[in-house]
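Taking the numbering used here, the leading residue of the sequence shown gets 94, the next gets one more, and so forth.
Okay, so here's the structure we're looking at.
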Amino acid sequence: MLPRNHHSLDGHPQESHAQSPQFEIWKYSLELMRTYNLHMSTDEMREIDQELAKTQAHISFFLNDAVPIHRLPPELLIKIFCYVPVPSISRDTVVWAPNVFKIQDVVALCSVCQHWRNIIFNADILWSSVNRLVGYDALSQLPPGGLLNIKLEPEAQDRQLLAFRNFLTSTIARTRELHIVNRSAAAVRFPLDQDLAEAPALEVLSIVGSSVAPQFFGTPVPQLRTLFLCRCAGLPTGPLPQLTQLALCSIDRIEISQVLNLLSAAPALRDLYLANCLKESSDEVVNIASAVPLKYLRRVFIEDNGPNSDPLHICQPAALVGFTIQVLAFSFADH
Numbered sequence: 094m095l096p097r098n099h100h101s102l103d104g105h106p107q108e109s110h111a112q113s114p115q116f117e118i119w120k121y122s123l124e125l126m127r128t129y130n131l132h133m134s135t136d137e138m139r140e141i142d143q144e145l146a147k148t149q150a151h152i153s154f155f156l157n158d159a160v161p162i163h164r165l166p167p168e169l170l171i172k173i174f175c176y177v178p179v180p181s182i183s184r185d186t187v188v189w190a191p192n193v194f195k196i197q198d199v200v201a202l203c204s205v206c207q208h209w210r211n212i213i214f215n216a217d218i219l220w221s222s223v224n225r226l227v228g229y230d231a232l233s234q235l236p237p238g239g240l241l242n243i244k245l246e247p248e249a250q251d252r253q254l255l256a257f258r259n260f261l262t263s264t265i266a267r268t269r270e271l272h273i274v275n276r277s278a279a280a281v282r283f284p285l286d287q288d289l290a291e292a293p294a295l296e297v298l299s300i301v302g303s304s305v306a307p308q309f310f311g312t313p314v315p316q317l318r319t320l321f322l323c324r325c326a327g328l329p330t331g332p333l334p335q336l337t338q339l340a341l342c343s344i345d346r347i348e349i350s351q352v353l354n355l356l357s358a359a360p361a362l363r364d365l366y367l368a369n370c371l372k373e374s375s376d377e378v379v380n381i382a383s384a385v386p387l388k389y390l391r392r393v394f395i396e397d398n399g400p401n402s403d404p405l406h407i408c409q410p411a412a413l414v415g416f417t418i419q420v421l422a423f424s425f426a427d428h
């Protein structure tokens, strides 16, 4: 499994990794896939579809709590990427090195073989950069000034989360991608509401299982384009001009009016995923809904088991033409 805490620096792989035999095999295999994918027979395409279905089922088994696939377990990555459809390389051969597998490789694979696209994307949140340095002290090993991709989980030896706070405080200003994951059922009081500066470079944010909202939620996050919150407290209140993908799951402390206010702050929103987070609002929802911009919204997924939930109060049915909408487990009122 991947280490609990790791972060990566976007840029070129270290020379020692780039010249490794494993890396050369990966590059060669990617070139083969580019060529071979243009000449696949129907049977070969069907075989890949079957492999895709098996892998998707495997992923659902491991990640059945709606967490975005921003970091896949290595054994699943191997199942996806080690297969090269030529007899010279066995299916069991690993053709990529995790410490050099980067976002540009994922994009290349997507363009080469669209059959893997649904594996790499989940709720339109793209996992990236599995190259890592382990431990909070690894920041000193990175050159200054670069943008960081960070994934953090609670550590048993850091019960007071002091190392967590110090690390995040020192890196938030140059963090491009931040994933904070608490896998336990009980929410963790992450120190996110103190000593945090603004996050001007933050583009991707996912938080799972936090009882504290980040301090920078009260200020504009100008570059944020992907936001995933699950079992969390608080929502951003500042403008989100670049936000295109929003997923909220099991957020029990918010009202419908708060969700609508968030949508109003995100005029560029394209993808919306709401699961078990809508509650009856004490405000006049219809008046708030009239201000929600829907110009770019294309995909909507709403799931809620609440007895009073009514998702169609969010927007008028006439505004839904051209959208892809999926609504599950609601008790509908008459419309």
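We put the CB at the ideal spot given by N, CA and C, even for glycine.
In this text, all values refer to a predicted model and were calculated from it rather than measured experimentally.
ALA368 is the residue among ALA368, GLU296, LEU356 whose C-alpha sits nearest the C-alpha of CYS323.
Rounded to the nearest angstrom, the Cβ distance from LEU320 to LEU289 is 16 Å, too far for a contact under 8 Å. For SER263, the enclosing alpha helix (DSSP H) begins and ends at 255–264. The alpha-carbon separation between LEU362 and LEU333 amounts to approximately 9 Å.
For GLU296, the CB contacts under 6 Å within the same chain, skipping 5 residues up- and downstream, are ARG269, GLN316, ARG318 in chain order.
DSSP, read as helix, strand or coil, puts ASN275 in coil. Here LYS388 is exposed, its C-beta having fewer than 16 other C-beta atoms within 10 Å. For GLN338, no alpha helix (DSSP H) run applies; the uninterrupted beta strand (DSSP E) run containing it begins and ends at 338–342, by DSSP. With distances taken between CA atoms, GLY239 lies nearest to THR264 out of THR264, SER299, ARG252. Here the C-alpha atom of PRO284 lies approximately 35 Å from the C-alpha atom of ARG391. Less than 8 Å divides the Cβ of PRO247 from the Cβ of ASN275. When the beta-carbon positions are compared, ARG267 and ALA294 come within less than 8 Å of each other. If you draw a 10 Å sphere on the C-beta of LEU255, you find fewer than 16 other C-beta atoms in it, and that means exposed. At a Cβ-Cβ threshold of 8 Å, ILE273 and SER303 count as neighbours. If you ignore the 5 residues before and after ASP286, its C-beta comes within less than 6 Å of the C-beta of VAL305, GLN308, all in its own chain and listed in chain order. Shortest Cα-Cα distance from GLN351 to any of THR330, GLN335, ASP364 involves THR330.
Spanning the alpha carbons of PHE260 and GLY311 requires a straight line of approximately 21 Å. Across the set GLU348, LEU241, ASN354, the C-alpha of LEU241 shows the shortest separation from the C-alpha of LEU298. In this chain, the alpha helix (DSSP H) harbouring SER350 covers 349–357. Between the beta-carbon of LEU355 and that of LEU328 there is about 5 Å, and that keeps the pair under the 8 Å contact cut. Going by DSSP, VAL301 is part of the beta strand (DSSP E) stretching over 297–303. With a threshold of 16 other beta carbon atoms within 10 Å, ASP136 falls short and is exposed.
Under the three-state reduction of DSSP, PHE321 is assigned to strand.
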